[in-house]
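Right, one structure below, let's go through it.
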Amino acid sequence: MGRHSRACWAVAALGCVGLLCAVLGAVMIVAVPSIIKQQVYKNVRIDPSSLSFNMWKEIPVPFYLSVYFFDILNPSAILQGQKPQVRERGPYVYREYRHKTNITFNDNDTVSFLEFRNFKFQPDKSSGLESDYIIMPNILVLSAAMMLEYEPTSLKLLMTLAFSTLGQRAFMNRTVGEIMWGYDDPLLNLINKYLPNMLPVKGKFGLFAELNNSDSGLFTVFTGVKNFSRIHLVDKWNGLSKVNFWHSDQCNMINGTSGQMWAPFMTPESSLEFYSPEACRSLNLVYQEAGVFEGIPTYRFKAPDTLFANGSVYPPNEGFCPCLQSGIQNVSTCRFNAPLFLSHPHFYNADPVLADAVLGLHPNEREHSLFLDIHPVTGIPMNCSVKLQLSLYIKSIKGIGQTGKIAPVVLPLMWFEERGAMEGDTLQAFYTQLVLMPKVLHYAQYVLLALGGVLLLIPVIYQIRSQERCYLFWSSNKKGPKDKEAMQAYSESLMIPAAKGTVLQEARL
Numbered sequence: 000m001g002r003h004s005r006a007c008w009a010v011a012a013l014g015c016v017g018l019l020c021a022v023l024g025a026v027m028i029v030a031v032p033s034i035i036k037q038q039v040y041k042n043v044r045i046d047p048s049s050l051s052f053n054m055w056k057e058i059p060v061p062f063y064l065s066v067y068f069f070d071i072l073n074p075s076a077i078l079q080g081q082k083p084q085v086r087e088r089g090p091y092v093y094r095e096y097r098h099k100t101n102i103t104f105n106d107n108d109t110v111s112f113l114e115f116r117n118f119k120f121q122p123d124k125s126s127g128l129e130s131d132y133i134i135m136p137n138i139l140v141l142s143a144a145m146m147l148e149y150e151p152t153s154l155k156l157l158m159t160l161a162f163s164t165l166g167q168r169a170f171m172n173r174t175v176g177e178i179m180w181g182y183d184d185p186l187l188n189l190i191n192k193y194l195p196n197m198l199p200v201k202g203k204f205g206l207f208a209e210l211n212n213s214d215s216g217l218f219t220v221f222t223g224v225k226n227f228s229r230i231h232l233v234d235k236w237n238g239l240s241k242v243n244f245w246h247s248d249q250c251n252m253i254n255g256t257s258g259q260m261w262a263p264f265m266t267p268e269s270s271l272e273f274y275s276p277e278a279c280r281s282l283n284l285v286y287q288e289a290g291v292f293e294g295i296p297t298y299r300f301k302a303p304d305t306l307f308a309n310g311s312v313y314p315p316n317e318g319f320c321p322c323l324q325s326g327i328q329n330v331s332t333c334r335f336n337a338p339l340f341l342s343h344p345h346f347y348n349a350d351p352v353l354a355d356a357v358l359g360l361h362p363n364e365r366e367h368s369l370f371l372d373i374h375p376v377t378g379i380p381m382n383c384s385v386k387l388q389l390s391l392y393i394k395s396i397k398g399i400g401q402t403g404k405i406a407p408v409v410l411p412l413m414w415f416e417e418r419g420a421m422e423g424d425t426l427q428a429f430y431t432q433l434v435l436m437p438k439v440l441h442y443a444q445y446v447l448l449a450l451g452g453v454l455l456l457i458p459v460i461y462q463i464r465s466q467e468r469c470y471l472f473w474s475s476n477k478k479g480p481k482d483k484e485a486m487q488a489y490s491e492s493l494m495i496p497a498a499k500g501t502v503l504q505e506a507r508l
């Protein structure tokens with residue numbers, strides 16, 4: 000009786016454990032997705048108590064700026080009206096450091112901040128030095144010539160004389176460092192001396208002079224603490240709800256985020272929109288494919304074919320015109336009226352006429368398309384590569400001798416890639432907290448449910464076998480001695496655990 004009692008208690012205990020495991024597994028199946036969702040909501044908002052706040056404040060991802068210049072091989076022939084021939088030089092790689100300052104939380108669920116950037120040259124990652132010389136268009140001279148196209152001839156002749164006196168030509172031979180971070184230009188110094196408010200550029204002139212040791216403007220974005228539906232969206236930039244560079248309200252709108260984080264729980268139908276101060280507009284990327292980055296699931300977003308399309312190809316872009324061929328965007332209105340154009344490198348995804356007009360260009364998707372890989376659950380970028388090209392529209396201007404017989408052409412100046420990928424301890428912590436732990440919880444709930452089901456079967460089987468023994472005992476009282484002996488032997492066999500791999504035979508009464 001003691002042995003039977005202990006067996007009953009053991010079976011009951013296993014049944015209770017099984018019930019507990021099954022209930023716990025079922026509860027986890029229902030509750031875990033909601034818990035994970037709440038934790039993500041809590042930790043991606045811009046709040047000092049959230050896990051992602053320090054990541055947002057001091058971006059731990061190393062960013063690199065790789066610059067490629069188009070070295071002009073035939074400047075004299077271009078002045079005679081021939082097709083330009085260029086050779087790509089680079090990359091010249093810079094480590095980009097970013098940090099936010101003046102972080103101010105406002106009463107309307109927004110936070111304002113300035114993000115400063117500075118660049119440090121990386122010789123070991125570069126194919127050349129900052130002392131390398133590059134022949135490229137003289138942006139100041141050719142831009143000034145374009146601005147004077149419809150001015151009186153007398154003014155053009157006066158400008159030609161001024162250019163000659165100052166030793167200014169249509170093309171210049173400058174070092175990479177000078178082109179990037181600035182050089183003293185006698186024309187610029189003369190204009191700033193006698194017309195101090197005419198140009199926004201003071202001191203040295205360089206393509207990236209305004210970006211180094213400076214901020215990208217005052218951003219005010221929604222924190223998501225009170226209203227999660229607007230998390231990370233830009234409320235204002237430099238106090239403006241929209242810019243005034245373009246010719247339509249839609250093109251002037253400041254849409255999306257500041258380009259660092261997006262709303263969580265993305266789907267393939269989501270788009271990736273952000274405001275770029277460098278492009279003076281909002282950019283919108285579209286879903287391309289799902290992927291994996293260092294074990295972390297991602298969604299890849301790319302630029303749509305219409306990003307730099309002109310108004311005739313894509314009517315909503317009409318506000319960015321006046322336009323030339325499709326695939327390049329006129330940014331003169333936000334670049335002191337210089338005839339500058341923004342596009343993909345080598346005129347990738349643009350009208351083929353543009354690449355055909357310049358010898359030495361070879362556009363292809365693998366090298367010249369941009370993308371962002373985003374973790375869809377959190378909206379945090381894992382890996383990104385933004386590639387853009389800056390070009391100058393040049394042509395002969397009657398009355399400006401320096402422009403010679405230049406045939407109208409959009410001439411590439413340089414293209415650059417801003418690239419960053421999560422790595423090191425930051426990547427490991429992200430993987431552990433946001434990928435590994437949810438995966439463990441996901442499998443644990445089904446393991447508990449299965450284990451509970453198995454343990455619950457033990458009392459059921461035990462009960463069935465106990466009833467079978469009772470039936471055998473009752474039947475033995477109604478049979479002869481031989482039947483009773485057989486029945487007793489079979490009953491005793493039920494009390495002995497069966498050897499592994501054996502099957503109990505059915506008693507035939």
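In terms of numbering that gives the first Met the number 0, the sequence shown opens at residue 0 and continues consecutively. Where a beta carbon is used, it is the ideal one built from N, C-alpha and C, also for glycine.
Check                                                                                                     : Outcome
Residue span of the alpha helix (DSSP H) that contains tryptophan 180, given as start and end             : 175-180
Anticipated Cβ contact below 8 Å, leucine 512 with cysteine 383, distance rounded                         : A question about residue 512 goes unanswered here, because the residues of the chain that appear run from 0 up to 508.
Bridge-paired residues (DSSP) for phenylalanine 335                                                       : According to DSSP, phenylalanine 335 bridges with nothing at all.
Buried/exposed call for leucine 128, threshold 16 Cβ in 10 Å                                              : exposed
Pairwise C-alpha distance: alanine 12 and glutamine 504                                                   : Legend: pLDDT at glutamine 504 = 42, less than 50; position of this residue unreliable, no value from coordinates given.
Phenylalanine 218 - partner residues in DSSP beta bridges                                                 : Phe112, Trp236
Of the listed residues Leu450, Ser213, Ser163, Ile102, nearest to asparagine 117 (C-alpha basis)          : Ser213
For glycine 294 and phenylalanine 170, the rounded distance between their alpha carbons                   : 49 Å
CA nearest to the CA of leucine 572, picked from Pro136, Ala443, Pro276, Leu450                           : Given that the chain is displayed from residue 0 to residue 508, the structure contains no residue 572 and the question cannot be resolved.
Nearest-angstrom Cα separation, counted from glycine 238 out to phenylalanine 244                         : 15 Å
Opening and closing residue of the beta strand (DSSP E) in which threonine 100 lies                       : 85-104
Where leucine 19 falls: helix, strand or coil (DSSP)                                                      : helix
Where the beta strand (DSSP E) containing valine 66 begins and where it ends                              : 62-71
Valine 408 versus Phe292, Pro83, Phe227, residue with shortest Cα-Cα distance                             : Pro83
Cα-Cα separation, valine 85 to phenylalanine 346                                                          : 14 Å
For leucine 433 and glutamate 317, the rounded distance between their alpha carbons                       : 43 Å
Where the alpha helix (DSSP H) through histidine 430 begins and ends                                      : It should be noted that the sequence gives tyrosine, not histidine, for residue 430. Residues 423-430.
Length of the line joining the Cα atoms of threonine 266 and serine 311                                   : 31 Å
Supposed close pair methionine 260, histidine 231 - CB separation, criterion 8 Å                          : 5 Å
Neighbourhood of glycine 216 by C-beta, 6 Å cutoff - its chain only, sequence neighbours within 5 removed : Trp236, Asn237, Pro276
Alpha-carbon spacing of aspartate 248 relative to leucine 284, whole angstroms                            : 20 Å
CB contact below 8 Å: tyrosine 40 versus chain D                                                          : The structure shown contains no chain D; it holds only a single protein chain.
As assigned by DSSP and simplified to three states, the class of tyrosine 286                             : strand
CA-to-CA distance, cysteine 20 to leucine 508, given in whole angstroms                                   : Residue placement at leucine 508 cannot be trusted, given a pLDDT of 37 that sits under 50; the coordinates are not used to answer.
Per-residue DSSP class, three states only, for tyrosine 313                                               : coil
Closest by C-alpha distance to glutamine 401, when choosing among Pro136, Cys15, Asp108                   : Pro136
Closest by C-alpha distance to glutamine 106, when choosing among Lys225, Ala289, Cys320                  : It is worth fixing the name first, because residue 106 is aspartate in this sequence and not glutamine. Nearest option by C-alpha distance: Lys225.
Distance CB(leucine 358)-CB(lysine 386) smaller than 8 Å                                                  : no
Straight-line Cα distance separating tyrosine 298 from glycine 419                                        : 16 Å
Residue from Gly89, Val453, Gly398 with nearest C-alpha to leucine 18                                     : Val453
Alanine 25 in three-state terms, based on DSSP                                                            : helix
Alanine 208 to serine 65 span [Cα, whole Å]                                                               : 16 Å
Status (buried if at least 16 other CB within 10 Å, exposed otherwise) for tyrosine 67                    : buried
Own chain, CB closer than 7 Å to serine 395, minus 5 neighbours either side, in chain order               : Thr402, Gly403, Lys404, Ile405
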